[in-house]
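K.L.:
A single structure is presented below for examination.
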Ligand SMILES: Nc1ncnc2c1ncn2[C@@H]1O[C@H](COP(=O)(O)OP(=O)(O)O)[C@@H](O)[C@H]1O
Ligand SMILES: [Mg+2]
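Residue numbers (the working numbering), protein chains in the order written: chain A, 9 to 248; chain B, 889 to 1446.
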């Protein structure tokens, strides 16, 4: 579902190597957790996956589409939520959702069903008629999340999705992620909250200073050592 | 004091983008041509405006001299610049004081509110010099050199000019800080934008009205008359706002009287600064914090209503067009900039009817004479194009997206369609401008309907060209990082470039028209050939726009 090959990106004319020679493969049905300390290059990688940044080198394919050669097809298969939900302040929540449904070409029946579902799930029904200006950070995140999932994309790409959410919404989101993947889809999300990754993810990639330093299921990361928690592994790996 | 200085340094750095400028000039050497081209364009454009302004002042000075009031030139420049700074200062202060996102960082710091306010005030003051100096210096030099002033004049004058923006800016700041303490800031801001724009509109109308009472005669006589009839106006403003006159008096009275007014001017400025500091300590943060909440409609829409909202689909282009439209119409500063200017022009055109003097009737008779219809149409076309191209919609349409531009980058709508939606949006507004001008043309000048139709078609094609070029400019250098929407439109150089482009297009059409008229071909051939010329320019521009969009929607990184 997601295939990243030899991906590199630097800022400031090569002075800051944000991502270096990254290779990743995420299979259908998998929840993939992308872990790393602050400034490791998670956001940079994700922005390249969704087309916000152009890689210096390497290729990315989403649901079988190379996102440089067939960007529109790739985008149609992605549901992306950034870490910082900058969204049109002067639209109402409902106007925003309808806009998203229109640009992703979602039919009336589908959008009605899904909008109702997510508004219920995120407890947004009362606010959806208000201007987004009046929303809290978490509410903005939820409306962006809803907008990103309306077209039922095969690949979800979420940057730090749990950060602004209240416990209940975050719990429901995690449940929904599982359901989504059980239908053969893929979720790729970055986080620095280790427990979330440990409990939720089928596989985990750890990135540090732009390089992927470990990848695999929890078991594989432990090397069979049952006592090792993800925290220990993480600290050990990112120490160097 | 140390913290104050370092805070000031940091703030100036951010506000004027000094670090990024340094970076631009030292690191990105291969793209150096870009800022250099911009600087040259500004020097040429700004320089020619400055030259025209200086000639105007020179004429005012000479006319004033012959009336025995050479100092009128100084009064005029002080009154005008202080008025402008007062009006624009209000917007500027609102956005820098209350809408920059550094407030959430600054408030927790152990610094007095008055000092934070001071830092922000100085930052604004420095940028106001960009307006004040070009307005004041020419008048100061013309009067000083023209009436052989001594060294004391130049000394006093330099200090007065440096002090000039302080007074109106402090007054604007006091108004804003006190108002913000008592009204909801977001609602308040929208109201202020509207009030301020109406104020500017009235000033514009006033100036226009006074200049309508012009007698016939040579230019010199005209200016002379204007001064004679407007000394009253300037003095009236001076009476309402005496400090503007004090500056003149300080410069023109020689002995102790001059120094008295000088001290009055400087003293009042400093006094008000202290007052602002004191009031800032009391009210600044309180006003900021109470204003943070936004009024919510408490009428939650019911389940049934939601269903109603979800029973229509639009094509992506139409959906994006609706987005453009709503975001534009719901932001007062955009509406005021985009529409108010367009509405002013026809009002100016209606004014002759009210004044209704003889020579105007003559002009109208001339305009209504079918023999001159070609020339009248072409001049009308020029007016129309100018009117509908000052709305700055297309040349800021990428910039206006700001931090939300990521959405446009991730949605699966081809960039070509996205800019098409923007082009349609700006064309609708331009068409509105064309029609707004067409109505008075129809009523006052009595242009026949057939000609009016031709005029609107030609105008629509030409504004289309201007809009396409404006969009290209904005694609090339969008201003996406802003906190307050007005920065996207008022502090955006693209607006200036787009104005230059509009003037260029108008010039091209004018030159073509002159050639066609002197070729003495039939009237409708002229229209046809003009339309052809515009279309020949328009079609490749649109293709250029589409392929540029394809490239730039990828390469603009956010
Ligand atoms: N726009 C940018 N310009 C320059 N450097 C950047 C930019 N964005 C990120 N970086 C740098 O790239 C590195 C990776 O950042 P990021 O991908 O945001 O990390 P993460 O999301 O893992 O915290 C950091 O060193 C950061 O400073
Ligand atoms: Mg990040």
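Yeah, the Cβ is synthetic: ideal placement off N, Cα and C, and Gly gets one too.
1. Cβ-heavy atom distance between residue 50 of chain A and ligand 2 below 6 Å?
2. Identify the continuous alpha helix (DSSP H) that holds residue 1044 of chain B and give its terminal residues.
3. Say yes only if the C-beta of residue 91 of chain A is nearer than 6 Å to one or more non-hydrogen atoms of ligand 2, and no if none qualify.
4. What residues in its chain sit with their C-beta under 7 Å from that of residue 1254 of chain B, if we drop five residues either side in the sequence?
5. Assuming the contact rule is C-beta atoms closer than 8 Å, residue 1374 of chain B and residue 979 of chain B should be a hit. Round their C-beta distance to whole Å, please.
6. For residue 169 of chain A, is the classification buried or exposed, using 16 other Cβ atoms within 10 angstroms of its Cβ as the cut-off for buried?
7. Suppose the cutoff is 7 Å on Cβ atoms and the five residues either side in sequence are ignored; what does the same chain contact list for residue 973 of chain B look like?
8. Does the Cβ of residue 1145 of chain B have 16 or more other Cβ atoms within 10 Å, making it buried, or fewer, making it exposed?
9. Could you please give me the residues that DSSP links to residue 41 of chain A through a beta bridge?
10. For residue 8 of chain A, which residues from the same chain have a beta carbon less than 7 Å from its beta carbon, with the 5 sequence-adjacent residues on both sides left out?
11. Would residue 1186 of chain B be called buried (16 or more neighbouring beta carbons within 10 Å of its own) or exposed?
12. Where does residue 139 of chain A fall in DSSP's three states?
13. Cβ of residue 204 of chain A within 6 Å of any heavy atom in ligand 1?
14. In the DSSP output, which residue or residues are listed as bridge partners for residue 65 of chain A?
15. Where do the N-terminal and C-terminal ends of the beta strand (DSSP E) with residue 31 of chain A fall, by residue?
16. Would the region 1271-1290 of chain B count as touching the region 1309-1328 of chain B if we require 3 or more Cβ pairs under 8 Å?
17. In chain A, which residues lie with their C-beta within 9 Å of the C-beta of residue 1195 of chain B?
18. Can you give me the Cβ contacts of residue 189 of chain A inside the same chain, cut-off strictly under 7 Å, excluding the 5 residues immediately before and after it?
19. If you follow the beta strand (DSSP E) that residue 167 of chain A is in, where does it begin and where does it stop?
20. Tell me the rounded alpha-carbon separation between residue 1307 of chain B and residue 1137 of chain B.
21. List, in order along the chain, the chain B residues whose C-beta lies closer than 9 Å to that of residue 58 of chain A?
22. Give me the chain B residues within the contact set of residue 9 of chain A, using Cβ-Cβ distance strictly less than 9 Å, ordered along the chain.
23. Taking residue 1208 of chain B as the query, report the chain A residues whose CB atoms sit under 9 Å from its CB, ordered along the chain.
24. Residue 1437 of chain B bridges to which residues according to DSSP?
25. Looking at the structure shown, is residue 88 of chain A part of a helix, part of a strand, or coil, going by DSSP?
26. Grab the span of the beta strand (DSSP E) containing residue 1290 of chain B for me, first residue to last.
27. Using a Cβ cut-off of 8 Å, pull out every chain B residue sitting near residue 84 of chain A, in sequence order please.
28. Taking the beta carbon of residue 1439 of chain B as the centre, do at least 16 other beta carbons fall within 10 Å, making it buried, or is it exposed?
29. Please classify residue 119 of chain A as buried or exposed, where buried requires at least 16 other C-beta atoms within 10 Å of its C-beta.
30. Using a Cβ-Cβ cutoff of 7 Å, what residues of the region 47-75 of chain A are near chain B? List them in chain order.
31. Go through its chain and collect everything with a Cβ distance to residue 1435 of chain B's Cβ below 7 Å, but skip five positions before and after it.
32. What residue from B/1271, B/1217 and B/1381 has the CA that sits closest to residue 1327 of chain B's CA?
33. Ends of the alpha helix (DSSP H) at residue 1013 of chain B?
34. By how many angstroms is the C-alpha of residue 1266 of chain B removed from the C-alpha of residue 1395 of chain B?
35. Assign residue 1423 of chain B to buried or exposed, taking buried as 16 or more other Cβ atoms, counted over all protein chains shown, within 10 Å of its Cβ.
36. Is residue 24 of chain A near ligand 1 - that is, is its Cβ less than 6 Å away from at least one heavy atom of it?
P.N.:
So, from the data block:
1. yes
2. 1039-1051
3. yes
4. 1260
5. 6 Å
6. buried
7. 1016, 1019, 1020, 1053, 1056 and 1057
8. exposed
9. A/197 and A/212
10. With chain A covering only 9 through 248, there is no way to say anything about residue 8 of chain A.
11. Because residue 1186 of chain B carries a pLDDT of 48, less than 50, the predicted location of this residue cannot be relied on, and no value is offered for it.
12. strand
13. no
14. A/16
15. 24-34
16. yes
17. 120 and 124
18. 37, 38, 39 and 195
19. 163-167
20. 56 Å
21. 1294, 1297 and 1298
22. Correct list: empty, because the minimum Cβ distance to chain B is about 17 Å.
23. 107, 110 and 111
24. None, per the DSSP bridge assignment.
25. strand
26. Unbroken run through residue 1290 of chain B: none, as it is neither H nor E.
27. 1300
28. exposed
29. buried
30. 58, 59, 60, 61 and 62
31. none
32. B/1271
33. 1001-1034
34. 12 Å
35. exposed
36. yes
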